[in-house]
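Written out below as structure tokens is the structure these notes cover.
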Amino acid sequence: MKKVGELGAAGDSNGDRSFEFTVTEVDTSVKCGNPYARKPEGKLIAIKITAKTTKNVSLDTLGSDEIWFTQDWKAIDKNGETAGWDPDSTDAVYNCEVKPSLMRGVGPSEKITGWVVLDVPDLESVIVWQPGFMVNGGWEWQL
1 MKKVGELGAA GDSNGDRSFE FTVTEVDTSV KCGNPYARKP EGKLIAIKIT AKTTKNVSLD
61 TLGSDEIWFT QDWKAIDKNG ETAGWDPDST DAVYNCEVKP SLMRGVGPSE KITGWVVLDV
121 PDLESVIVWQ PGFMVNGGWE WQL
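According to UniProt numbering, the sequence shown is numbered sequentially starting from 1.
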């Protein structure tokens, strides 16, 4: 379990932290500004993320040429039940345009900052990011 502002990192077996990121803010007051978008399944939130990589990041190990923050999320509601939808891919997430989005990935020797919008069951949810390169791991935050 991470707290907002706490560093998350990944690297190789030698301890090289070639990928670091921090959730710097969580906005739970997100409103959809698009009258044509479908309503959220639950509640929209936005997560501000800052990430950086070194030139040594092993993208072969990651299974991609970039690390993406806009996918591989799940949400667990206040009763401990995993949401029955992908919180990173509902119509409201894609069509509400509530924050400057982090729609691109981060590659070697890059630093980026942006927002990821999620559709979570409730404001007491736990959100989990477990990207494909984290076979036995990932990160989670209590809203």
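Note that CB positions come from ideal geometry on N, CA and C, so glycine has one too.
- Pairing Q130 with Y36, the inter-Cα distance amounts to about 31 Å.
- Beta-bridge analysis with DSSP links F19 to A10 and T53.
- Under a 10 Å Cβ-count criterion, K74 is classified as buried, with 16 or more other Cβ atoms of the shown protein chains found around its own Cβ.
- The DSSP assignment places complete beta strand (DSSP E) segments of no fewer than 3 residues inside the segment 88-141 at 111-120 and 126-129, in order along the chain.
- The three-state reading of DSSP puts E41 in coil, since its state is none of H, G, I, E or B.
- Under the DSSP definition of a beta bridge, T82 partners with I76.
- Classified as buried, V120 has 16 or more neighbouring CB atoms from the shown chains inside 10 Å of its CB.
- Taking the Cα of T54 as reference, the smallest distance to any Cα among P40, S18 and F69 is reached at S18.
- Here DSSP, grouped into helix, strand and coil, assigns K31 to coil.
- A distance below 8 Å separates the beta carbons of K48 and E25.
- The C-alpha of N34 is placed about 31 Å away from the C-alpha of W139.
- With fewer than 16 other Cβ atoms inside 10 Å of its own Cβ, V135 counts as exposed.
- Put simply, the backbone Cα of T82 is about 14 Å away from that of D88.
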